[in-house]
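In the numbering used here, the protein residues as written are 12 to 89.
C-beta atoms are modelled at their ideal positions from N, C-alpha and C, and glycine is treated no differently.
Quantities reported herein were computed from a predicted structural model and do not represent experimental measurements.
Below: one structure, written as structure tokens.
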Amino acid sequence: MSDKPLWKLLLETEKGNPDEPLSCSDCFSILAYLADIGDTVERTRLIQAAKQHLSACPDCQDYYQKQLQEMEDVVNGD
Numbered sequence: 012m013s014d015k016p017l018w019k020l021l022l023e024t025e026k027g028n029p030d031e032p033l034s035c036s037d038c039f040s041i042l043a044y045l046a047d048i049g050d051t052v053e054r055t056r057l058i059q060a061a062k063q064h065l066s067a068c069p070d071c072q073d074y075y076q077k078q079l080q081e082m083e084d085v086v087n088g089d
């Protein structure tokens with residue numbers, strides 16, 4: 012997870028600075044936070060920031076896909 016406090020990550024994504032994209036650890040900290048909050052306007056904004064990082068980072072894309080597959084396997088009883 013990120014070395015930055017969550018509040019700082021949330022403020023940085025609020026600003027939406029494309030010159031300073033999320034790091035891998037920042038992205039996954041935000042994804043963990045998203046799993047805990049309900050459907051809000053903030054959630055939509057944060058999902059966009061995380062998607063932007065995932066689209067540009069092959070390492071995170073691979074990790075994210077593996078995590079999704081593990082969750083699907085658990086849900087499907089595989």
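So is residue i buried or exposed if we call it buried at 16+ other beta carbons inside 10 Å?
i	result
A43	exposed
Candidates the options: which alpha carbon is nearest residue i's?
i	options	result
S40	I58, Q80, D30, G27	I58
Are residue i and residue j touching if we call contact CB-CB under 7 Å?
i	j	result
R54	I48	yes
C38	A67	no
Y75	L65	yes
What separation, rounded to the nearest whole angstrom, lies between the Cα atoms of residue i and residue j?
i	j	result
D70	V86	25 Å
V52	L45	12 Å
D30	K77	28 Å
What is the DSSP secondary structure of residue i, reduced to helix, strand or coil?
i	result
E31	coil
K15	coil
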